[in-house]
Amino acid sequence: QQERIRFRSKNSLAREMLKELREYLPPEYEVYVLFDRWYSSTKLIKYSVGKAGM
């Protein structure tokens with residue numbers, strides 16, 4: 001039986017990458033998130049500005 005790859009949206013993948021990136025950077029680093037409108041969503045923008053601390 002072949003194992004299936006779980007579907008994740010592009011915005012979910014972007015949030016995951018931002019979260020993982022934060023672990024590798026010193027706390028005092030300021031991060032700028034740049035993306036085109038294909039990725040833009042209210043959820044991703046709020047996550048980038050707020051919860052991720054970026």
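In terms of UniProt numbering, the sequence shown has 32 at position 32, counting the first letter as 1, and numbering is strictly consecutive.
Here a beta-carbon is modelled for each residue, glycine too, at the ideal position from N, C-alpha and C.
Could you pull the start and end residues of the alpha helix (DSSP H) that Arg22 belongs to? Lys10 to Tyr24
Use the C-beta contact count for Leu44: other C-beta atoms within 10 angstroms, 16 or more gives buried, fewer gives exposed. buried
Three-state secondary structure (DSSP) of Ser48: helix
How about Arg22 and Tyr47: are their beta carbons less than 8 Å apart? no
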